Amino acid sequence: MELFRDIQVLKALFNTVMISVTASILATIIGTLAAVGLRKLRSSLKKAILTVTNLPMVNPEIVTGVSLMLTFISIYNTLGVLKLGMATLTLSHTIFCVPYVILSILPKLEQLNPSLYEAAQDLGCAPVKAFFRVVLPDIMPGILTGMIMAFTLSLDDFIISYFTSGTVMTLPISIYSMTRKGVSPEINALSALLFLVVLVLLLIINLRQSVRENADVVNLR
Amino acid sequence: MRETPIISLRNVAISLGGQRILENFNLDIKDGEFVTFLGPSGCGKTTTLRIIAGFERPDSGEVLFKGRNITKLPAHKREINTIFQNYALFPHLNVYENVAFGLRIAKYKEEIVEREVNHILSLVSLSDFALRRIDSLSGGQQQRVAIVRALVNRPKVLLLDEPLGALDLKLRKDMQAELKNIQKQTGITFIFVTHDQEEALSMSDTVVVMDGGKIQQIGTPLDIYNEPRNAFVADFIGESNIIDGIMIEDCLVEFAGEKFRCIDSGFARNEAVDVVIRPEDIKLTSKENGRISGMVTSVTFKGVHYEIIVDVNNFKWMIQSTQVQTPGEEIGLILEPDDIHIMKKSEHSGEYGDYSAFSDEMYEIYEENNK
Amino acid sequence: MKSKSKWITVPFAVWVIIFTVVPLVLILFFAFTNEDKIFTINNITHVGKYSSVFVNSLLLSAVATAICLILGYPFAYLISKMPEKVQSIAVILVMLPMLMNFLLRTYAWMTILENNGILNSVLKFFHLPALNLINTKKAVVLGMVYNFLPYMILPIYSVLMKIDKRLIEAAKDLGAGKMKVFSKVIFPLSKPGVVSGVTMVFVPSVSTFVISKMLGGGANILIGDLIEMQFLGNSYNPHLGSAISLILILLVLICIGILNQYDSSLNSKNKSQ
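Those protein sequence lines, which keep their order, are chains G, Z and H. Per this note's numbering, residue 1 is the first one in the first sequence, and the count goes up by one each step. Per this note's numbering, residue 1 is the first one in the second sequence, and the count goes up by one each step. Per this note's numbering, residue 1 is the first one in the third sequence, and the count goes up by one each step.
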């Protein structure tokens, strides 16, 4: 019995990590592309798209959860794909993380000196190459912050997962199912571990700025 | 014999954001020249530069490079480099990597990159700064990095978009000399954009004065200053008194109620003209000795000279003189034939050259509003 | 050439439509249809039966939001007055509980507040009368305040931080005392932070089902519980669930609207002065 529960907990941990890693990478790619494209749009259209994009941040989480559940079930009933499970979990996490990624990249893009992109082309880079050589490195701090944020949000999410998981267990879901009967020590230990992971990630986000400011001193050697 | 211009703009027209910036714009730039586009903000000078660089594509017309049509050639394939207004140095790269950027893109061997970059950094005494971050440099140092980052690629044409705008006056003067020097040594065609007339006059071989998307005058700095073609040029280049006059016949003009000998000809008899007189060309004398006379209304000490406003029959003249005058006094003005410059009437006539509302504060407000 | 990249937004717009707009449209659709996909307003009228749940939810979350504001504002103000180095440590301390999983945090309060829990054991040790807290409204409000207080402190703090210190000096220079400086300058300028703090506490409070389940027992059902029951509970009825969700969205929108109205009317008033 104990052993069975251990296996379940490990399975839940594995699922959680898989989902968080996949969803945060997907959300980062989608969010970065979206932010780059959005910046070029005229402001009224950009504002409209951003307002809709940010709806999951404003809406109560439970509404986002049940609305995605309805969507996935409808898709499954009509097309026969996307049965509630790992895929829908990963997809939902990607969906609710994208706005956070965009939110952390867009200001960096707006601060970006537009001449840099032109300067790279002036020095011989084709437009796409200029983007990778100059724009991307410059907005990298925003991209990384967005990715870490997405990862921690995904790692910790319960409400949206609860409605889109079907029978799949994630760590927060198994914690919830245990709260009636008492939380097992393994879960507490694992959670403490995750707490540390999240803490370290957040410290990285917070320290990045001050490190960048101090980098001059390091570079002076 | 006429050699092919290195850059030619043919009937170029462009609109940005629904606004017509240039229309039917034609210009030839000779190889090896230091050309300056001079004009107030919004006159189209920066847009013209960006068309040459390849950042804007004209709606119609052609851009020729040594006679070859490059209108559709993207910026990265042109043998033209730019020094941007705010330098546009890459903040994620150090000084060395910024300068090496273009050579790396062109896939030069590492030893060539190293040699070229180190050499050019030493030319502008930045060797010790090679590994520094861009934002740890002073404005003048950043400026020099921007210059060598462009020059290391040996461009045929170097475009400079108000590159000295962010520097303080002293540094600005030094950099003007340094840029002029670099241009002479390398023989690269420089196309320089500025709204500072003094900068334009002191650095250029040819000045292109622009306003409202049109070329107002092209010429050497001396031509532009001494022979402005219309009231706009006369006013924009230095201070000018611009008075309505009538050309009686060749070399004889009437204004301020008097007839004056002058050296201009080629006008119709009794043609209405604009008469330009530079404030520093007017000599002062006693009321009785002057051809025309008026009352001093204000005197301002400017360092090298006094700026004196004199009311002659309700038209306010500006005079720069080393002799101090007393406000309220009547004085006479002496004008020699070669002090008087005659221009055809143009759309700009009547807009400039009257100092009746003149004051330093007003001028500053005017400048602010026209930024 | 320069604006090719804007076409990247087309696939993104499709993504947003499929995964943000369509789900909300589905809620609307389910709310106004029955199992046979026939239009009906029965679901909406049916929600009326649960009006006491709605009142209860709004009341508890309003109380929790008010407590958060009363506790959070002075706290944020104090942090913004600290030396800069201490500030960042204080901010991290405020955020620290947020890093622990939300469920475990709430579970911890369960074990504290239980009738045989830590709190009552301590009380018993000092021969004090035991308190009955678990499964009461008080416990639910406590859970909300504890879980969402950081969402009140952080936005207020970040707005307070950005207030130009010269404005405060200018106010003092013009003769304002400490109280006047606060009421006439600092507080009005910090209103955007208060508005977003209130939103960030109120919205998750009014829609929670975890806190009410764990700390409120079965007796204190909130809107969130009601929705959860329709989708995953025994009384499976996504049509009624969607109707309740729709009304919840409307309630939240109205509250945010009122708050923003308050904030923007204040801004425009300031501008016209």
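From the three backbone atoms N, C-alpha and C, an ideal C-beta is built for every residue, glycine too. Quantities reported herein were computed from a predicted structural model and do not represent experimental measurements.
**Near-chain H residues of the region 173-186 of chain G - C-beta to any C-beta below 8 Å** = Cβ proximity to chain H below 8 Å picks out Ile175, Tyr176, Thr179 and Val183 from the region 173-186 of chain G.
**Prompt:** Cα-Cα, which of G:Ile159, G:Leu10 and G:Gly31 is closest to Asn281 of chain H?
**Reply:** With chain H covering 1 to 273 only, the question about residue 281 of chain H has no answer from this structure.
**Item:** Nearest-angstrom Cα separation, counted from Ala108 of chain H out to Ile79 of chain H
**Value:** In this model, Ile79 of chain H and Ala108 of chain H are separated by some 27 Å (Cα to Cα).
**Prompt:** So, helix, strand or coil for Gly219 of chain Z, using DSSP?
**Reply:** Gly219 of chain Z falls in the strand class under three-state DSSP.
**Message:** Is Leu10 of chain G close to chain H? Criterion is C-beta to C-beta, closer than 9 Å.
**Reply:** Not one chain H Cβ lies under 9 Å of Leu10 of chain G.
**Proximal residues of chain G, C-beta to C-beta of Thr82 of chain Z below 8 Å** = Ordered by position in chain G, the residues that pass the 8 Å Cβ test against Thr82 of chain Z are Glu118, Ala119 and Asp122.
**Asked** How about Arg154 of chain Z: is its C-beta nearer than 9 Å to some C-beta of chain G?
**Response** False, the Cβ-Cβ gap to chain G never drops below 9 Å.
**Prompt:** List, in order along the chain, the chain A residues whose C-beta lies closer than 8 Å to that of Ala88 of chain Z?
**Reply:** No chain A appears in this structure, whose protein chains are G, Z and H.
**Request:** Using alpha carbons as the reference points, say which of Z:Pro221, Z:Phe90 and Z:Arg133 lies closest to Pro137 of chain G.
**Result:** Comparing Cα positions, the closest option is Z:Phe90.
**Prompt:** What is the residue span of the alpha helix (DSSP H) that Ile44 of chain H lies within?
**Reply:** Counting along the chain, Ile44 of chain H sits inside the alpha helix (DSSP H) bounded by residues Asn42 to Val47.
**Prompt:** On the premise that Thr297 of chain Z lies in contact with Glu307 of chain Z, defined as a C-beta separation below 8 Å, what is that separation, rounded to the nearest angstrom?
**Reply:** Beta-carbon to beta-carbon, Glu307 of chain Z and Thr297 of chain Z are separated by about 12 Å, too far to satisfy the 8 Å threshold.
**CB contact check: Lys6 of chain H to chain G, cutoff 9 Å** = Chain G, which has a Cβ nearer than 9 Å to the Cβ of Lys6 of chain H, makes this yes.
**Prompt:** Taking the alpha-carbon positions, what's the Asn241 of chain Z to Thr48 of chain Z distance?
**Reply:** Near 31 Å, if we compare the C-alpha coordinates of Thr48 of chain Z and Asn241 of chain Z.
**Prompt:** Distance, Cα to Cα, Asn98 of chain Z vs Ile14 of chain Z?
**Reply:** C-alpha separation (whole angstroms): 32 Å.
**Prompt:** In chain H, which residues lie less than 9 Å from Thr71 of chain G when you measure between Cβ atoms?
**Reply:** Near Thr71 of chain G (Cβ distances below 9 Å), the residues of chain H are Ile18, Phe19, Val22, Pro23 and Leu26.
**Asked** Straight-line CA distance for Leu194 of chain G to Asp157 of chain G?
**Response** If you take the alpha carbons of Leu194 of chain G and Asp157 of chain G, they lie about 13 Å apart.
**Message:** Under 9 Å, Cβ to Cβ, is there at least one residue of chain Z near Lys129 of chain G?
**Reply:** Yes, Lys129 of chain G counts as interfacial toward chain Z.
**Prompt:** For Ser265 of chain Z, which beta-bridge partners are listed by DSSP?
**Reply:** According to DSSP, Ser265 of chain Z bridges with nothing at all.
**Prompt:** Do we get a CB-CB distance below 9 Å when we pair Asn206 of chain G with the residues of chain H?
**Reply:** Under the 9 Å criterion on CB atoms, Asn206 of chain G is classed as interfacial with respect to chain H.
**Asked** Among residues of its own chain, excluding the 5 on either side of Glu118 of chain G, which ones have a beta-carbon nearer than 6 Å to its beta-carbon?
**Response** Answer for Glu118 of chain G: no residue qualifies.
**Message:** Just verifying my parser: in three-state terms, what is the DSSP assignment at Tyr108 of chain Z?
**Reply:** Note: Tyr108 of chain Z maps to coil in three-state DSSP.
**Message:** Do Ile227 of chain H and Thr106 of chain H have their beta-carbon atoms positioned less than 9 Å apart in this structure?
**Reply:** Not a contact, by the Cβ cut-off of 9 Å.
**Prompt:** Under three-state DSSP, which class holds Asn24 of chain Z?
**Reply:** Asn24 of chain Z: strand per DSSP, three-state reduction.
**Message:** As a quick exercise: from Z:Val145, Z:Ile105 and Z:Ser136, pick the residue whose alpha carbon is nearest that of Phe132 of chain G.
**Reply:** Minimum Cα distance to Phe132 of chain G is reached at Z:Ile105.
**Asked** Can you tell which of H:Pro192, H:Ile163, H:Ile247 and H:Thr136 has the C-alpha that lies nearest to the C-alpha of Lys213 of chain H?
**Response** Ranking H:Pro192, H:Ile163, H:Ile247 and H:Thr136 by CA distance to the CA of Lys213 of chain H puts H:Thr136 first.
**Message:** Please identify the residue among Z:His119, Z:Tyr96, Z:Lys184 and Z:Met318 whose C-alpha is closest to the C-alpha of Asp31 of chain Z.
**Reply:** The residue with the shortest Cα to Cα distance from Asp31 of chain Z is Z:Lys184.
**Asked** Using the beta-carbon of each residue, which ones in chain Z are nearer than 7 Å to Ala23 of chain G?
**Response** Chain order gives no chain Z residues near Ala23 of chain G, where near means a beta carbon separation below 7 Å; the closest approach is about 28 Å.
**Asked** Which residue comes first and which comes last in the alpha helix (DSSP H) that contains Tyr355 of chain Z?
**Response** No alpha helix (DSSP H) contains Tyr355 of chain Z, which DSSP labels as neither H nor E.
**Item:** Where Arg68 of chain Z falls: helix, strand or coil (DSSP)
**Value:** In the structure shown, Arg68 of chain Z sits in a strand (DSSP, three-state: E or B).
**Item:** Neighbourhood of Asn270 of chain H by C-beta distance below 7 Å, restricted to the same chain and skipping five residues each side
**Value:** Residue placement at Asn270 of chain H is poorly supported in this model, since its pLDDT is 44, which falls under 50; the coordinates still yield a value, given next. Once the five neighbours on either side are set aside, Asn270 of chain H has no close Cβ partner at all.
**Request:** Give a yes or no on whether 9 Å exceeds the smallest Cβ distance from Asp156 of chain G to chain H.
**Result:** With 9 Å as the cut-off, Asp156 of chain G counts as an interface residue toward chain H.
**Item:** His341 of chain Z, DSSP secondary structure in three states
**Value:** His341 of chain Z: strand per DSSP, three-state reduction.
**Prompt:** My guess is that Gly266 of chain Z and Gly44 of chain Z are in contact by the Cβ rule of under 8 Å, so how many angstroms apart are they, rounded?
**Reply:** That belief does not hold up - the Cβ atoms of Gly266 of chain Z and Gly44 of chain Z are roughly 30 Å apart, past 8 Å.
**Request:** Confirm, please, whether the CB-CB distance from Ser115 of chain G to Asp85 of chain Z is below 9 Å.
**Result:** Going by the sequence as given, residue 85 of chain Z is Gln instead of Asp. Yes, the pair counts as a contact, with Cβ atoms nearer than the cut-off.
**Asked** By Cβ distance below 8 Å, which residues in the same chain neighbour Ala139 of chain H in space, the five residues on each side in sequence not counted?
**Response** Apart from sequence neighbours up to five positions away, the residues of its chain that approach Ala139 of chain H with a beta-carbon distance below 8 Å are Trp109, Leu113, Leu133, Leu215 and Gly216, ordered along the chain.
**Message:** Considering only the alpha carbon of each residue, which of G:Pro99, G:Val135 and G:Ile205 lies closest to Leu26 of chain G?
**Reply:** The candidate whose alpha carbon is nearest that of Leu26 of chain G is G:Pro99.
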